[in-house]
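Undergrad: Residue numbers (the numbering used here), protein chains in the order written: chain A, 356 to 685; chain B, 2 to 510; chain C, 683 to 913. Backbone N, C-alpha and C fix where the C-beta goes; we use that ideal spot for every residue, glycine too. If you scroll down you'll find the structure; I have some questions about it.
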Amino acid sequence: MRHSILAAGLALTIGTPALAQTPVLTVYTYDSFVTDWGPGPAVEEAFEATCNCDLEFVAAGDGAALLARLRLEGARTDADVVLGLDTNLTAAARETGLIAPHGLSADDLDLPIAWEDDAFLPFDWGYFAFVYDSSKTPEAPSNFRDLAQSDTKIIIQDPRSSTPGLGLLLWVKAAYGEDAAEVWQDLSDNIVTVTKGWSEAYGLFLEGESDMVLSYTTSPAYHLIAEEDPTKAAAAFDEGHYMQIEVAGIVEGSDQTDLAKSFLEFILSDGFQGVIPTTNWMYPAKVASDGLPDGFETLITPETSLIFDPSEAAMKRDVALAEWLSALSQ
Amino acid sequence: MGWGLVLALTLIVIAPVIVVAWQAGVSTDIRPEDIAAIRFTVTQAILSALVSVIVALPIARALARRQFWGRNAIITLLGAPFILPVIVAVIALLTIFGQGGILARYLAEIGFNLPSIYGLSGVVLAHVFLNVPLVTRYLLQGWNDIPAEHFRLAASLGFSARDTFRLLELPMLRATLPAAALAVFLICTTSFAVALTMGGGPRATTIELAIFQAFRFDFDLARASQLALFQLLLTGVTALVAFRVLRLASFGGGSGRPLSRPDIPKSGGLVVLDATVVAVAVVFFMAPLLSIVVRGAPHLPDLPSSIWLASLNSLLVALAAALMAVLGALGVVLAAAYGATVAGTTLRILAYLPLALSPLVLGTGLFLAINPYIDPRDVALPVAATVNAAVTLPFAVGILHPVLLRTESQYANLADSVGLTGWSRFRDLYFPASRPALGFSAGLAAALSIGDLSVIALFTGADVTTLPMQVYRLMGAYRMEDAVAASLWLLLLSLFVFWVFDWWGRRDA
Amino acid sequence: MLELQEVSVEHGSFKLRADVRIAPGNVTAFVGESGAGKSTLFGALSGFENLASGQILWSGTDIAPLPPAQRPVSILFQDNNLFPHLTVERNVALGLTTRARPGHETLDRVHEALEQVGLAGFGARKPGALSGGQRSRVSLARALVRSRPIVLLDEPFAALGPALKAEMLDLTATTLARPDTVVLMITHDPQDALRIADQTMIVSDGLVQMPRDTADLFASPPPDLQKYFGK
């Protein structure tokens, strides 16, 4: 426990009063990043060991809530760095004018696609996928049309309230374009229910409420590594899988620009990237020198990576949402 | 004092909406999907209220006319689903009644297929699971308020159970049922996660979900404030109509002490009926909780140490919220008793509205109001306590109002004659007379606050977390079993806090 | 003849004992300190308290095993004798039937009883629209139509003023006290007993004492009664 119980408990002071010469770097991120079992504690320790600073995380719900928080605070924000938006949100984040260029090179990343964004730097990524229990569902469908034809029951997240939900919306749009509405219509009888967020959906799936749940190709790694349970698997879809790339950016007007920049550099170093696979259960943006943890080699690796660039994603999501709503509301 | 409190409550209820609207304007464009959302919200809330009341009626009736070992424990535990974070309650419910639940597996073995519960019926089922305990307690209070002599008269005059129902219970229910139904209706109008999850898809879009979408998908605060105004209007008008037309009794919920019922036979068919009703209720409400106990208990020792700090935070929030809710409720009730009649009625209607506050609008409004002046992280817990106090105020008002009213009507003249006024009147008359009700309402407010997530998310830094947040974080990190264990811990803590307050209230009674 | 044979009632640590006989055609008063057992005795007679031992005989038959409604007993409580949401007529008619629309015969008897207690024409009112004395009369009218031979008065007139109380006691004596009935009344006021009770029983420390002639008793009260009346 880094802070005295009294201080945290009464919330009278924030954390340890920093000494005058120790600068504080405030990083806004999403909730699960900062938990005991998330990357937060290890990242904080590793960065503070070299930066001669105090790294302070502020957690705000999920990626979309993070952006909303930033917008609510506007130029008044204390944030120096924002960590945890994904590429479906970066266009809107850029529009706020709150993100400064990072000025770093992003050439040798281990991403399936080239990275050219001058405002945001990726820190991890993953593929959306339907996860199932191979002991109960021996044969998983191999694309959306297969899935729609089958009796397989799925649980998905609502794109209006969840980032994976939005990811799925764009996945279907990227794979089927004009036919997306029809695919959703065909899928409607496979959908057991739609949840507010990832936790609810995954929780219901683990309860046995559905055969498959929208999650990530990396989800089975958690069960394999943390629980020694090899039965969970991700279904490989031959249309390709939509990517989620999570990014960090420096906040315009930060009073710790140099420190923020060095944190963004640190993000692509082993000290950060090495903890990502088994804390965030995603692929690191730049694989650490000792490689990926044992178990990750068992995961499916999609042949085709689908992704809209941020402006395309921002443009398509409203149409895609309207199609989704009308297909599933009938 | 009356009008001052009216002002204060008005501020709590509508200020957040005003703040959002002031900063972002109010959208005037009404979309067809808004109409659909309003229609669904109202439909599910009405159905949930009706079914909750219909289900609670026989349970309360059976509990009101029987005394048996474990009766009090059942009444206390019946309240547990209402305390849990909703998603945990829903998962617990699905463990038993879901597609992969125990019931479905059992039925499959004997060759039946459990029909899917997702849809409007699922929404209603979940709301019934969450709200019936509340209604049951409230109705029990109604039974307690029937004079004991009337049951003796019923016995003496040879009333059948039907006669007793018609002549004694129905008149009481005519006053209490609408109040209970209104409370459930209001609570259900802000349902979102439960409505969506159990509703099976975007058909089940409530106003609260539309607000959520406006807020974080479209970041259209003008639209969010418009929808929040709809919501407030809907609940405000409903409460007003209910008060004026139905002349509602307060929504309370007593301790449900056992009644002496000489009019009811101690053996025969009625006993079998009551035993069956209680048994079915226990299975329906307790089995999901039991599943939390069974699954959570083995993982209790594995809970991360951060759970203790979160527990401490939750406890502080709960105690502060309970104190504020009870003091606020005393203020409302006393002002309603003494103030101008109009102020009194207005207060009682206003005191209902926090039930229907949108947590998201409330949180956003407070955030916008506070952020320019104070770092929201500095006040996360005080804000959480204040919001919880506002949300639990209706319960405290409902419980205290009838008790203080009765005390006043019985002892006002006596108190006046001996010059018991001001503070001494409170200390020597109201306080001792309402102590059991104070203990009960404080316990309820504290227990509800421990399980509440509401607005804290916008205000937290990395360190200040509460128990429900820890539950969600564990779920968000694949740790379903740990999340269940944390829920079990939360449940135990809530029940313990409730029990302590309730015990304090009844200690010398 | 009403006989309480070695009756004992246990109520937590409290124990009431009674072994007395009361002949019909009498009004009997019960006096004694609060908590001495008067209400417990009435509870046992009307069936709200179970006997630990003993028998209650009416005309030689043990009525103790019977449920309240099947006993030959009418009781008037101190409060809440009437259902506030029912009319006077229905409240009285409940002594005969629980039907929502009582038959002609029933209604005739109800009106007759209301006339006897001086409330002719009040049938359509609700208790809330009556004075305290009028409400007591309605209770009496119900006891009249029930015409049970044992009538228990658990201080039903305690809240009335002295003149009104005297009037009600007289009305009770003239309407309910008949050669074949016993009327038992609990009272704290010697004047009540002297006014209508032929005999009085002292209830003290959980024991129901033998009946005494009311006039004699109050002319030379025994020590425990003196103590009770503060003499």
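#1: Cutting at 6 Å between CB atoms, please list the residues of its own chain near A443(B), excluding the five before and the five after it.
#2: So, for P172(B): in the same chain, excluding its five sequence neighbours on each side, which residues have a beta-carbon less than 8 Å away from its beta-carbon?
#3: Nearest to V833(C) by alpha carbon, out of D862(C), E849(C), P844(C) and P809(C)?
#4: I'd like to know if the stretch 81–99 of chain B and the stretch 487–498 of chain B are in contact, where contact means that at least 3 CB-CB pairs between them fall below 8 Å.
#5: May I ask you to list, following chain order, the residues of the stretch 187–204 of chain B that have a beta carbon less than 8 Å from some beta carbon of chain A?
#6: By the criterion of Cβ-Cβ separation under 8 Å, what are the contact partners of V547(A) in chain B?
#7: In the stretch 601–621 of chain A, which residues sit with their C-beta less than 9 Å from some C-beta in chain B, listed in chain order?
#8: Need the endpoints of the beta strand (DSSP E) that P477(A) sits in, please.
#9: Going by the DSSP bridge assignment, what does E601(A) pair with across the sheet?
#10: Please tell me whether V436(A) and F618(A) are closer than 7 Å, where the distance is taken between their beta carbons.
#11: Kindly list the residues whose CB is nearer than 8 Å to the CB of A487(B), restricted to its own chain and excluding five residues on each side of it in sequence; keep chain order.
#12: Counting only beta-carbon separations shorter than 7 Å, does R217(B) have a partner in chain A?
#13: In chain B, which residues lie with their C-beta within 7 Å of the C-beta of E697(A)?
#14: If distances are taken between C-alpha atoms only, which option among F160(B), L222(B), I118(B) and L271(B) comes closest to M199(B)?
#15: May I ask you to list the residues that DSSP assigns as paired with L744(C)?
#16: Determine the contact status of A795(C) and V827(C), defining contact as a CB-CB distance below 7 Å.
#17: Which of the three DSSP states is assigned to D852(C) in this structure?
#18: Among I31(B), L405(B) and F286(B), whose alpha-carbon lies nearest the alpha-carbon of L131(B)?
#19: Anything in the stretch 139–151 of chain B with a Cβ closer than 7 Å to a Cβ of chain C? List those residues in chain order, please.
#20: Taking the continuous beta strand (DSSP E) assigned at T869(C), which residues delimit it?
#21: How many angstroms separate the CA atom of M481(B) from the CA atom of G418(A)?
#22: Indicate whether L222(B) and A25(B) have their beta-carbon atoms separated by less than 7 Å.
#23: With DSSP run on the structure shown, which of helix, strand or coil describes K909(C)?
#24: Between the stretch 574–591 of chain A and the stretch 511–527 of chain A, are three or more C-beta pairs nearer than 8 Å?
#25: Checking contacts by CB at 7 Å: is V327(B) closer than that to chain C?
#26: Name the residues in the stretch 477–495 of chain B whose C-beta lies less than 8 Å from a C-beta of chain A; which are they?
#27: Quick check: the stretch 592–605 of chain A against the stretch 119–129 of chain B, are there 3 or more CB pairs under 8 Å?
#28: Under the rule that 16 or more other beta-carbon atoms within 10 Å means buried, what is P355(B), buried or exposed?
#29: Within the chosen definition, does the stretch 224–232 of chain B reach the stretch 263–273 of chain B through at least 3 CB pairs nearer than 8 Å?
#30: Over the uninterrupted beta strand (DSSP E) stretch that includes Q881(C), give me the two end residues.
#31: State the DSSP-derived secondary structure class of F560(A), mapped to helix, strand or coil.
#32: Identify whether Q685(A) lies in helix, strand or coil by the three-state DSSP scheme.
#33: Would you report the Cα separation of A65(B) and F216(B), rounded to the nearest angstrom?
#34: Considering H457(A), what are the terminal residues of the alpha helix (DSSP H) in which it resides?
#35: Exposed or buried, N114(B), counting other C-beta atoms within 10 Å across all chains shown (16 or more means buried)?
#36: Using only CA atoms, which one of S517(A), L579(A) and T572(A) lies nearest to V549(A)?
TA: This is what the structure holds:
#1: What you label residue 443(B) is simply residue 442 of the second sequence in a count that begins at 1. The answer, listed in chain order, is A323, V327 and F502.
#2: Here residue 172(B) refers to the residue found at position 171 when the second sequence is read from its first residue. Correct list: empty, nothing qualifies.
#3: Counting from 1 along the third sequence, the entry for residue 833(C) is found at position 151. With distances taken between Cα atoms, V833(C) lies closest to D862(C).
#4: yes
#5: F193, A194, L197, T198, M199, G200, G201, G202, P203 and R204
#6: Sequence index remark: in the first sequence, residue 547(A) carries index 192 (1-based). Residues of chain B passing the Cβ test: Q100, S117, Y119 and G201.
#7: Sequence-ordered contacts of the stretch 601–621 of chain A with chain B are nonexistent [C-beta pairs closer than 9 Å].
#8: Stepping through the first sequence from its first residue, residue 477(A) is reached at position 122. Start and end: F475 to D488.
#9: Taking the first sequence and counting its residues from 1, the one referred to as residue 601(A) is at position 246. Under DSSP, E601(A) shares a beta bridge with D441(A) and D479(A).
#10: On the first sequence, residue 436(A) is found 81 positions in, with the first residue counted as 1. On the first sequence, residue 618(A) is found 263 positions in, with the first residue counted as 1. Yes, the Cβ-Cβ distance between V436(A) and F618(A) is below 7 Å.
#11: Sequence index remark: in the second sequence, residue 487(B) carries index 486 (1-based). Closer than 8 Å at Cβ, skipping near neighbours: G297, L304, I308, L468, Q471, V472 and L475.
#12: Start at 1 with the first residue of the second sequence, and residue 217(B) comes out as number 216. Answer yes: the Cβ-Cβ gap between R217(B) and chain A drops below 7 Å somewhere.
#13: Because chain A in this structure spans residues 356 to 685, residue 697(A) falls outside the shown range and cannot be described.
#14: Here residue 199(B) refers to the residue found at position 198 when the second sequence is read from its first residue. Comparing Cα positions, the closest option is I118(B).
#15: Taking the third sequence and counting its residues from 1, one reaches residue 744(C) at position 62. It is worth fixing the name first, because residue 744(C) is Asp in this sequence and not Leu. Beta-bridge pairing links D744(C) to L739(C).
#16: For the purposes of this step, residue 795(C) is identified with residue 113 of the third sequence, where counting begins at 1. For the purposes of this step, residue 827(C) is identified with residue 145 of the third sequence, where counting begins at 1. Yes. Within cutoff.
#17: Here residue 852(C) is taken as the residue at index 170 of the third sequence, counted from 1. Correct three-state label for D852(C): helix.
#18: Position 130 of the second sequence, counted from the start, is the residue given in the question as residue 131(B). L131(B) has its Cα closest to that of F286(B), out of I31(B), L405(B) and F286(B).
#19: P148, E150 and H151
#20: Against the third sequence, residue 869(C) aligns to sequence position 187. Annotation: T869(C) is outside any beta strand (DSSP E) and is labelled neither H nor E by DSSP.
#21: Along the second sequence, read from residue 1 onward, the residue named residue 481(B) stands at position 480. Along the first sequence, read from residue 1 onward, the residue named residue 418(A) stands at position 63. One C-alpha to the other measures close to 21 Å.
#22: Taking the first residue of the second sequence as position 1, residue 222(B) is located at position 221. Taking the first residue of the second sequence as position 1, residue 25(B) is located at position 24. Yes, these two residues count as a Cβ contact at 7 Å.
#23: Position 227 of the third sequence, counted from the start, is the residue given in the question as residue 909(C). Helix at K909(C).
#24: With fewer than three CB-CB distances shorter than 8 Å, the stretch 574–591 of chain A does not count as touching the stretch 511–527 of chain A.
#25: On the second sequence, position 326 is the one that residue 327(B) refers to. Chain C, which has no Cβ nearer than 7 Å to the Cβ of V327(B), makes this no.
#26: G477, A478, Y479, R480, M481 and A484
#27: no
#28: Here residue 355(B) is taken as the residue at index 354 of the second sequence, counted from 1. Its Cβ being crowded by 16 or more others within 10 Å, P355(B) is buried.
#29: no
#30: Your numbering for residue 881(C) matches position 199 in the third sequence. Per DSSP, Q881(C) belongs to the beta strand (DSSP E) from Q881 to S886.
#31: To locate residue 560(A), count along the first sequence from 1; it is residue 205. Note: F560(A) maps to helix in three-state DSSP.
#32: Numbered from its first residue, the first sequence carries residue 685(A) at position 330. In this structure, Q685(A) counts as coil in the three-state DSSP scheme.
#33: If you number the second sequence from 1, residue 65(B) lands on position 64. If you number the second sequence from 1, residue 216(B) lands on position 215. Distance between the alpha carbons of A65(B) and F216(B): 46 Å.
#34: Here residue 457(A) refers to the residue found at position 102 of the first sequence. Unbroken run through H457(A): none, as it is neither H nor E.
#35: Looking up residue 114(B) in the second sequence gives position 113. Classification for N114(B): exposed.
#36: Reading the first sequence from its first residue, position 194 is the one you call residue 549(A). Considering only alpha carbons, the answer is S517(A).
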